[in-house]
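**Q** For what it's worth, the working numbering labels the leading residue of the sequence shown as 21, then goes sequentially. Backbone N, C-alpha and C fix where the C-beta goes; we use that ideal spot for every residue, glycine too. I have a structure here, written as structure tokens, and I will follow up with some questions on it.
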Amino acid sequence: MSRATSSIRRGLARVLSTNLITSGVAAGLMVMAGAVPGANAQSERAQQQQQLVDRSTLAVQDVLAWKQNGGTAQNLLRKAKGVMICPSIFRMSFLFGGSGGGCVLLSRDAAGSFSAPAFYSMGSGSFGLQAGIQDAELVMFIMTHRGLTAIMDSQFKFGADASVAFATLGAGMEGATTAAFRADIVAVEKAKGLFAGISLQGSIMSSDSVGNRAYYNQPVGPEDIVVAMRVNNPGADPLRAALMHFSTRPGAPGPAPAYGQGGPGGGYAQPSNENGPMQLAPTGPVQQQSLPPPR
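Spelled out as structure tokens, the structure:
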């Protein structure tokens, strides 16, 4: 092989090597450029889910400490197989109206420990002649395994399954508690606004797969979260602690309530009045009780 041929080959090798390196760097930069927005979106969605968990913690305190129906709600919680919390169901109606909001579902095991939360969204449409605005805190107590199985459906519609009995307790509805304890799912709602009460008939509860994935940083469904209990997020510890606190009978030992937010910059839950919404009182670092992962 001549010196000229060897020199040409060495030159080609250097050119190819340089091109490969340049291509690799360019490909890496393209991947990074595409990955950063995706990572930011994932982080932003996880923060939104944490805010929903924090609001759910406040809703638990607000509804279960409510003088009017709080005692009934606590009795329901002690017997419940699971609980669905919708901290803000907003409804607006003028001729045509609808309602909706984000919710979290937790189940409990035989030892009484609560699972991590699975995320759901509620939506409905209604037609009527009323006009008004309503915001409601809604806590649904799932009293039977049949009710838990039904509500874990990817799209559960209230009133569509005749085998699942559903009852609602609101302001001035204490007399219905006997029938409520026989239902599969019992909703306790604390509403403010122009509507006398919120109707869940026809409302659809849908699993939020995107929210679940963002919060646990892996693809998981409701069964993985609330039945298998194979994932956990420490940000949900205050919510689990609040549920444990209210499910413990008076005088029985139980964990101290941790109502602060799971994320940074939190506080502790403080009711503004017996019927008003919960408020966050400013405080120092959030005092969270570190709970063991769900079994």
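Would you mind working out which of Val206, Ala138 and Lys177 sits nearest Leu158, comparing C-alpha positions?
**A** Working through the sequence shown from its first residue, we reach residue 158 at position 138. When C-alpha distances from Leu158 are compared across Val206, Ala138 and Lys177, the shortest belongs to Val206.
**Q** Can you look up Arg98 in the DSSP assignment and give me helix, strand or coil?
**A** For the purposes of this step, residue 98 is taken as the residue at position 78 of the sequence shown. Looking at Arg98 - three-state DSSP - the assignment turns out to be helix.
**Q** Would you grab the beta carbon distance between Gly175 and Ile109 for me? Rounded to a whole angstrom, and I think it's under 8 Å.
**A** On the sequence shown, position 155 is the one that residue 175 refers to. On the sequence shown, position 89 is the one that residue 109 refers to. Checking the sequence, you will find Gln at residue 175 rather than Gly. So it is not a contact: roughly 17 Å between Cβ atoms.
**Q** Pull up the CB-CB distance for Val73 and Ala262, whole angstroms please, since I reckon it's below 8 Å.
**A** Translated into positions along the sequence shown, residue 73 becomes position 53. Translated into positions along the sequence shown, residue 262 becomes position 242. In fact, because the Cβ distance is near 11 Å, the residues do not count as touching under 8 Å.
**Q** Give the straight-line distance between the Cα atoms of Gly192 and Cys106, rounded to the nearest whole angstrom.
**A** Sequence index remark: in the sequence shown, residue 192 carries index 172 (1-based). Sequence index remark: in the sequence shown, residue 106 carries index 86 (1-based). Caution is warranted here: a pLDDT of 48 is assigned to Gly192, below 50, making its placement in the model unreliable, and the coordinate value is therefore given only provisionally. Rounded to whole angstroms, Gly192 to Cys106 spans 21 Å at the Cα level.
**Q** Would you kindly work out how many angstroms separate the C-alpha atoms of Asn232 and Arg202, rounded to a whole number?
**A** The sequence position of residue 232 within the sequence shown is 212, counting from 1. The sequence position of residue 202 within the sequence shown is 182, counting from 1. Using only the alpha carbons, I get a separation of about 31 Å.
**Q** Residues in its own chain within less than 6 Å of Arg128 by CB, not counting five upstream and five downstream?
**A** Here the question's residue 128 lines up with position 108 in the sequence shown. These residues qualify, in order along the chain: Phe134.
**Q** Excluding the five sequence neighbours on either side, which residues of its own chain have a C-beta within less than 7 Å of the C-beta of Gly195, listed in chain order?
**A** Here residue 195 refers to the residue found at position 175 when the sequence shown is read from its first residue. Here the model assigns Gly195 a pLDDT of 45, short of 50, so the residue's position is not dependable, and the following value carries that caveat. Within the same chain, no Cβ atom closer than 7 Å to the Cβ of Gly195 is found once the five residues on either side in sequence are excluded.
**Q** Output needed for Arg75: all residues of its chain with C-beta closer than 8 Å, excluding positions within five of it in sequence on either side, in chain order.
**A** Taking the first residue of the sequence shown as position 1, residue 75 is located at position 55. Excluding residues within five positions, the ones whose Cβ falls inside 8 Å are Pro107 and Ser108.
**Q** Could you work out which residue in Ala66, Ala131, Ala61 and Val124 is closest to Thr268 when comparing CA atoms only?
**A** Within the sequence shown, numbered from 1, the residue matching residue 268 stands at position 248. With distances taken between Cα atoms, Thr268 lies closest to Ala131.
**Q** Among Ala138, His265, Arg98 and Thr188, whose alpha-carbon lies nearest the alpha-carbon of Met356?
**A** With the chain represented from 21 up to 315, any question about residue 356 goes unanswered, as that position is not in the structure.
**Q** I need the DSSP call for Pro107, collapsed to helix, strand or coil.
**A** Along the sequence shown, one-based indexing puts residue 107 at 87. Residue state, collapsed to three classes: strand.
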